[in-house]
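*Asks:* Sequence lines, in order, name chains A and B.
Heads up: the first sequence at position 504 corresponds to 514 in my numbering, and the numbers run straight through without jumps.
Heads up: the second sequence at position 30 corresponds to 43 in my numbering, and the numbers run straight through without jumps.
Built from N, CA and C at the ideal position, the CB exists for glycine as well.
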Amino acid sequence: MAQQLTATNDFVIKFANVNGSGSASANELFARAILRMGVPVSPRNIFPSNIQGLPTWYEVRVSEAGYLGRRGGLDMIVAMNPETWQRDLAEVAPGGYLFYDSTRPLPPEMFRDDLTSIGVPLTEICNATYSDPRQRQLFKNIIYVGALSALMDIDPAVIEALFSEQFKGKEALIDKNVAALNLGRDWVQKNLDPDICKLKVAPADAVGDRIFMEGNAASALGCVYGGATVCAWYPITPSSSVAEAFESYCRKFRKEPESGKSKYAVIQSEDELASIGMVIGAGWNGARAFTSTSGPGVSLMTEFIGLAYFAEIPAVIVNVQRGGPSTGMPTRTQQADILSCAYASNGDTKHVLLFPEDPRECFDHSAAALDLADRLQTPVFVMSDLDIGMNRRLCAPLEWDDSRKLDRGKVMTADELEAGREFGRYLDVDGDGIPYRTLPGTHPSRGAFFTRGTTKNRYARYSEEGADYIENMERLVRKFDTAKSQVPQPVLRRAEADTRYGVLYFGSTAPSMDEALDRLGNEGLHVNAMRLRAFPFPDSVAEFIAAHDRVFLVEQNRDGQMRMLLCNELEIDPARLVPVLHYDGTPITARFIHGAIRDRLAQYQVVPLERAVS
Amino acid sequence: MTYITKPKLHHPSLKRNAVGFTRRDYEGQVSTLCAGCGHDSISASIVQSCYEMAIEPHRVAKLSGIGCSSKTPTYFLGASHGFNTVHGRMPSVLTGAHLANRELIYMGVSGDGDSASIGLGQFAHVMRRGVNMVYIVMNNGVYGLTKGQFSATADKGSVAKKGAVNNDAGIDLASMAILMGASFVARSFSGDKAQLVPLIKAAMSHPGAAILDVISPCVAFNNHKGSTRSYDYVRHHNEALNRLDVITGSAPITAEYEPGAMVEVEQPNGTTLRLRKISADYDPSDKAAALAHIQEQDNVGEIATGLLYLASGRQDLHANLDTVETPLNRLGEADLCPGSAALEAINKGLR
Ligand SMILES: Cc1ncc(C[n+]2csc(CCOP(=O)(O)OP(=O)(O)O)c2C)c(N)n1
Ligand code: SF4
Ligand SMILES: [Mg+2]
């Protein structure tokens with residue numbers, strides 16, 4: 011028998027369930043309870059493209075050190091799905107644990123000698139207590155949470171407090187849930203050695219004031235705070251909950267008190283062609299508007315995105331990326347729409363992309379995107395992904411400065427027109443490439459213009475003149491240059507010692523990257539790191555690359571799309587950018603990044619610092 | 014292509030309407046369409062309607078798709094903002110624009126290729142949403158701008174200029190609009206101003222999704238013998254249903270029409286549509302009868318024109334969404350941003 015895994019506040023547990031069995035809320039309860047004990051957790055839903063019946067998993071990493079990336083490997087499996095039993099079991103590290111329903115005796119081949127098997131007769135306990143099949147199903151989940159809490163020393167009072175919050179005002183429900191929880195706890199305490207499980211949770215103080223939120227809800231809230239009034243969307247995993255959350259936040263915050271009328275409009279459109287069309291129509295007419303979608307939706311939107319680029323209309327697209335191409339891996343995560351978004355549409359186009367690392371940045375970037383779109387009069391993408399979008403993630407609390415104004419950009423007013431100020435819709439008056447616009451209906455006789463996707467001159471008149479075309483296209487490049495200083499700037503993390511090696515990363519890779527950097531640093535392998543937060547790339551990105559002999563580029567796609575974009579836009583020698591690519595649809599892990607960079611550095615014969623000194 | 018700017022000098026004798034504009038003020042740039050194109054006649058009818066209705070030009074937003082027809086917004090209402098969007102997807106842009114500012118008058122202009130082929134989906138959905146607009150299809154049965162291919166409204170059996178025969182069933186946009194939930198559905202002919210102008214006015218005063226399917230011969234590609242969208246064909250097969258005038262609350266406009274039975278239809282916004290029935294028993298409020306009538310006429314090779322269907326009591330998109338009276342594009346921070354205290358409460362709930 012392998013040595014039993016022993017850990018306090020540092021392990022990975024995975025729940026294997028059947029989709030639609032009501033396990034999701036019980037599993038989240040488990041994660042929240044640990045969080046309430048002051049120990050950081052990062053849960054991840056691993057779910058099929060299915061509503062009921064297929065396997066689904068919920069993986070919880072418990073890490074007092076605060077590592078929120080996926081760790082890789084598994085210390086305990088809660089095996090509630092016979093169908094995936096064998097593969098679930100195979101994933102557990104030697105010395106790990108199998109938690110299962112022992113109501114019926116199982117043949118020996120269903121177990122592993124090197125694991126500790128913890129059987130609790132869940133079905134038997136359930137059937138003895140409940141007669142209604144739905145209750146049996148739901149409370150079975152709570153009973154296993156109870157059993158686990160007893161095994162791992164999770165404070166039951168914390169769970170009871172969570173029940174009281176969740177079912178506030180429904181005392182009967184609270185009592186029922188507490189009773190189910192205790193059924194599991196009592197059985198374990200009566201029948202098992204308290205030390206059978208050596209994975210324990212102990213109270214700590216490592217959570218602080220952080221919040222536990224899904225990126226999609228945060229993006230939605232960012233759109234509310236950023237002043238979006240129109241949301242047009244078409245359902246697609248993993249982005250649907252952005253629009254749904256926007257609508258529910260609006261119901262709370264955007265009703266006119268006297269009349270109950272809505273200060274927002276949400277349209278579930280007929281397809282993504284229509285959703286982006288509505289966003290563009292609203293943006294043209296001066297309302298802040300956004301859509302949320304995922305890869306296939308962006309593909310459909312591209313012609314319109316080109317129109318918004320060329321006709322210079324604000325639009326915000328929250329792209330919650332999933333595995334592509336085509337329908338790809340609809341319920342798995344990737345960062346594989348970088349190029350399709352950066353250059354979306356025919357002709358020479360470039361679009362502003364923002365890369366949030368967690369829900370806090372989903373909030374910040376979504377609000378910022380609405381300002382940027384108005385200021386730059388162009389489409390702006392918020393490039394979230396399934397990993398941060400659909401999982402609750404611990405992150406800094408959301409903040410808002412009440413003195414902040416919605417920056418509507420260069421909109422010429424009726425008074426300015428009346429005063430005789432010159433208006434040319436595509437006239438660059440101050441060299442930043444951004445022209446003034448007017449909104450329809452502004453002035454009875456001045457400032458009207460015709461918006462079109464065809465070539466035009468500075469005064470928005472149709473033109474097929476090459477010179478007019480080039481002037482316009484060059485101004486658009488100038489405008490894109492202006493964007494460099496307005497987008498969120500990259501974040502630099504310097505290694506403890508000087509190094510010729512650097513690493514670039516972005517988006518949901520951040521927590522795993524942080525952990526990998528710690529590990530490399532502990533091993534004396536020093537790498538400077540820069541987290542990209544936007545395209546176009548501010549000058550500091552080129553400077554960072556120039557300052558290192560080799561720069562690793564960590565991304566979650568097959569082709570190294572960010573690397574291509576950097577090479578193309580900054581004219582960087584591809585040999586200097588070393589791809590570190592992970593794209594099987596699971597979130598990238600610190601183990602993977604650490605291993606890949608360590609092996610590469612060994613190839614370059616980098617001697618770890620401590621060893622060189624000793 | 015060159016543009017001859019029209020002299021904007023107002024001749025003192027030009028008559029001004031109630032809001033002080035002359036007919037000139039409703040014109041746009043010089044058309045670059047083929048001489049004799051039906052679309053130009055429709056533009057002229059739009060100019061006349063807006064002038065006569067005394068609409069301030071800047072209160073109108075005109076949106077179109079792509080095609081010869083969709084170019085026309087450049088040729089009328091030069092003082093209005095316009096938006097030439099992408100092929101077949103003007104309806105979504107118009108919907109978004111309307112959501113942003115409910116106070117303007119929205120005019121969508123499209124072609125039969127634009128609306129019945131590439132844009133059939135958006136056409137259907139903008140009708141069922143009840144977007145308050147006038148949607149004009151300049152229907153010539155061909156793709157004019159791409160030089161004469163059949164469009165989806167071309168009748169089965171019609172013959173193209175180069176001799177090809179259309180074997181596919183034609184889509185009737187008027188029936189389709191009725192089925193999809195449009196509340197004002199009319200058909201007319203570009204060459205029949207006397208019928209078209211009142212219909213445009215009625216559509217503009219209708220507070221909901223109003224569509225005008227206007228047959229508009231393409232003199233370059235679809236005005237030959239064998240075409241069912243030619244001037245001659247339409248003149249001979251046009252069965253006009255009713256003549257109407259519009260009475261807006263403030264300025265009644267009446268016109269002389271041949272005598273006949275008359276019905277007055279009160280609209281939800283207080284305007285009255287006065288229908289002079291030619292076909293004495295035609296009742297435009299009966300949806301099933303309207304569909305049947307279009308079909309019956311089609312069976313005998315006739316095109317039913319006039320106000321085919323008028324629904325009462327249907328709500329428009331803003332009413333359905335229950336949006337505030339103030340246009341959304343005018344709401345500021347105080348209305349839109351819940352502020353830091355609310356955010357702190359949200360943070361609290363997420364710990
Ligand atoms: C996505 C896309 N596909 C094809 C075209 C080419 N195109 C331009 S206009 C047109 C047909 C227009 O026909 P219709 O709407 O009937 O207008 P008409 O010219 O007859 O008035 C086509 C196919 C285009 N502009 N965009
Ligand atoms: S091609 Fe046909 S539709 Fe186009 S402008 Fe000429 S006549 Fe009109
Ligand atoms: Mg046509």
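Please list the partners that Q135 of chain B has in chain A, where partner means a Cβ-to-Cβ separation under 8 Å.
*Replies:* Within chain A, the residues near Q135 of chain B are E280, L283, A284 and G287.
*Asks:* Helix or strand or just coil, what does DSSP make of S203 of chain B?
*Replies:* Here S203 of chain B sits in coil by DSSP.
*Asks:* C207 of chain A and L161 of chain A: beta carbons closer than 8 Å?
*Replies:* In this structure, L161 of chain A lies closer than 8 Å to C207 of chain A by Cβ.
*Asks:* If you follow the beta strand (DSSP E) that V28 of chain A is part of, which residue opens it and which one closes it?
*Replies:* It spans D20 to V28 - the beta strand (DSSP E) in which V28 of chain A sits, taken as one unbroken run.
*Asks:* Please confirm if the stretch 90-107 of chain B is in contact with the stretch 283-303 of chain A, defined as three or more CB-CB distances below 8 Å between the two stretches.
*Replies:* Flag = yes, the stretch 90-107 of chain B and the stretch 283-303 of chain A touch.
*Asks:* How about the stretch 353-364 of chain B and the stretch 140-150 of chain B: do they share at least three Cβ pairs that are nearer than 8 Å?
*Replies:* No: fewer than three Cβ pairs fall under 8 Å.
*Asks:* Say yes only if the C-beta of C260 of chain A is nearer than 7 Å to one or more non-hydrogen atoms of ligand 1, and no if none qualify.
*Replies:* No.
*Asks:* Across the stretch 170-177 of chain A and the stretch 118-129 of chain A, are there enough close Cβ pairs to call them in contact, namely three or more that are closer than 8 Å?
*Replies:* These segments do not touch.
*Asks:* Is there at least one Cβ from chain B nearer than 8 Å to Q13 of chain A's Cβ?
*Replies:* Not one chain B Cβ lies under 8 Å of Q13 of chain A.
*Asks:* Just tell me which of A:L542, A:N29, A:P117 and A:A458 has its CA closest to the CA of Y68 of chain A.
*Replies:* The candidate whose alpha carbon is nearest that of Y68 of chain A is A:N29.
*Asks:* Spatial neighbours of C577 of chain A within its chain, please: CB distance less than 7 Å, with the 5 preceding and 5 following residues excluded, ordered by chain position.
*Replies:* The residues are P584 and L587.
*Asks:* Check the Cβ of C350 of chain B against every Cβ in chain A and list those closer than 7 Å, keeping chain order.
*Replies:* Within 7 Å Cβ-Cβ: Y235 and G237.
*Asks:* Would you call L183 of chain A buried or exposed, if buried means 16 or more other Cβ atoms sit within 10 Å of its Cβ?
*Replies:* L183 of chain A comes out exposed.
*Asks:* Going along chain A in order, which residues have a C-beta closer than 9 Å to the C-beta of T108 of chain B?
*Replies:* Those are A242, I277, S279, A284, G287, M288, G291 and A292, listed as they occur along chain A.
*Asks:* Please state the DSSP three-state secondary structure of H94 of chain B.
*Replies:* Note: H94 of chain B maps to strand in three-state DSSP.
*Asks:* If the cut is a Cβ gap below 7 Å, which residues of chain B does S272 of chain A touch?
*Replies:* L334, D335, T336 and V337, listed in chain order.
*Asks:* Considering only the alpha carbon of each residue, which of A:S473, A:R54 and A:T16 lies closest to L396 of chain A?
*Replies:* With distances taken between Cα atoms, L396 of chain A lies closest to A:R54.
*Asks:* Under 7 Å from any heavy atom of ligand 1, does the C-beta of N19 of chain A make it?
*Replies:* N19 of chain A: no, Cβ never under 7 Å from ligand 1.
*Asks:* Below 8 Å between beta carbons: does that hold for E252 of chain B and I316 of chain B?
*Replies:* The answer is yes: Cβ separation under 8 Å.
*Asks:* Apart from the five residues on each side of it in sequence, which residues of its chain come closer than 6 Å, Cβ to Cβ, to Y322 of chain B?
*Replies:* Around Y322 of chain B: I191, V198, P297 and A303.
*Asks:* Could you tell me if the beta carbon of N152 of chain B falls within a distance shorter than 7 Å of some heavy atom in ligand 2?
*Replies:* Checking the Cβ of N152 of chain B against ligand 2 gives no.
*Asks:* Are the CB atoms of A230 of chain A and V252 of chain A nearer to each other than 8 Å?
*Replies:* Result yes, Cβ atoms of A230 of chain A and V252 of chain A sit closer than 8 Å.
*Asks:* Any C-beta of chain B within less than 9 Å: which residues of the stretch 402-421 of chain A qualify?
*Replies:* Correct list: R402, P407, L408, E409, W410, D411, D412, R414, K415 and L416.
*Asks:* To the nearest angstrom, how far is the alpha carbon of T18 of chain B from that of T461 of chain A?
*Replies:* Because T18 of chain B sits at a pLDDT of 49, beneath the cut-off of 50, its placement in the model cannot be relied upon, and the point is left open.
*Asks:* Measuring straight from C-alpha to C-alpha, what distance separates T16 of chain A and G83 of chain A?
*Replies:* Going by the C-alpha atoms only, they are around 15 Å apart.
*Asks:* So the candidates are A:F222, A:V501 and A:Y259; which of them puts its Cα closest to the Cα of S52 of chain A?
*Replies:* The shortest C-alpha separation from S52 of chain A is found at A:F222.
*Asks:* Please find out if some non-hydrogen atom of ligand 3 comes closer than 7 Å to the beta-carbon of V232 of chain B.
*Replies:* Every heavy atom of ligand 3 is 7 Å or more from the Cβ of V232 of chain B, so no.
*Asks:* Can you check which of these residues, A:G48, A:P58 and A:L39, is closest to T596 of chain A by C-alpha distance?
*Replies:* Measuring from the Cα of T596 of chain A, the nearest candidate turns out to be A:P58.
*Asks:* Given a threshold of 16 other Cβ atoms within 10 Å of its Cβ, counted over all protein chains shown, does M120 of chain B qualify as buried or as exposed?
*Replies:* Result: buried.
*Asks:* Given a cut-off of 8 Å, decide if G194 of chain B and S10 of chain B are closer than it, judged by their beta-carbon atoms.
*Replies:* It is not possible to answer for residue 10 of chain B, since the shown part of chain B is limited to 14 through 364.
*Asks:* Per DSSP, which residues does E69 of chain A bridge with? Please list them.
*Replies:* Answer is A:K24 and A:R54.
*Asks:* Can you tell me whether K84 of chain B is helix, strand or coil according to DSSP?
*Replies:* Looking at K84 of chain B - three-state DSSP - the assignment turns out to be helix.
*Asks:* Is any beta-carbon of chain A found at less than 8 Å from that of S263 of chain B?
*Replies:* Its pLDDT being 36, under 50, S263 of chain B is placed unreliably by the model, and nothing is read from it.
*Asks:* Let's test the definition: count the other Cβ atoms within 10 Å of the Cβ of M483 of chain A and tell me whether it reaches 16, buried, or not, exposed.
*Replies:* The residue in question, M483 of chain A, is exposed, as its Cβ has fewer than 16 Cβ neighbours within 10 Å.
*Asks:* So, S77 of chain B versus S130 of chain B, is the Cβ gap smaller than 8 Å?
*Replies:* No, the Cβ-Cβ distance between S77 of chain B and S130 of chain B is not below 8 Å.
*Asks:* I'd like the span of the beta strand (DSSP E) that includes D85 of chain A, first residue to last.
*Replies:* D85 of chain A -> beta strand (DSSP E) spans L84 to A89.
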